[in-house]
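K.L.:
Quick note on numbering that gives the first Met the number 0: the sequence shown kicks off at 0 and runs consecutively. Even for Gly, the Cβ is constructed at its ideal location relative to N, Cα and C. Sharing a structure here in structure tokens format.
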Amino acid sequence: METLRLFSYGTLQHSDIQQNLFKRKLEGTADKILGYKLGTITLPENHPNAQTYFIAIYTGDEKDILDGICYTINASELSLVDDYEGPAYERATVISNSGKKVLIYRRPIH
């Protein structure tokens, strides 16, 4: 079974959300991604109360460091994460500070 590494810096770190989405608690290790900072986004189109969520913002400045957790998921679970994150986030592959190839959901780069 093919596995992927998913870098989480926000709500996917919550065990109740993991249980709801994956039907299990994910195992992970702390990691960092350089060249990103943490921002926020409001999603009124999906949430009537216009809730605010974290979003990774690419800066390219290696002094900017985004802390998070690197989880291993099954490749078949990737569509669950895509649906969870929604169209406001872009999925990208980056190299973490520990040298791992990871997926991150970030603000789209235009």
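1) In three-state DSSP terms, what is Y83?
2) By how many angstroms is the C-alpha of D82 removed from the C-alpha of E89?
3) Short of 8 Å in beta carbon distance, which residues of its chain neighbour H121, apart from the five on each side in sequence? Order them along the chain.
4) Using the Cα positions of K36 and T58, report the straight-line distance between them to the nearest angstrom.
5) I'd like to know whether the C-beta atoms of I56 and G27 end up nearer to each other than 8 Å.
P.N.:
Working from what's here:
1) Three-state result, Y83: helix.
2) E89 and D82 have their alpha carbons spaced roughly 11 Å apart.
3) Because the chain in this structure spans residues 0 to 109, residue 121 falls outside the shown range and cannot be described.
4) One C-alpha to the other measures close to 7 Å.
5) 8 Å or more divides the Cβ of I56 from the Cβ of G27.
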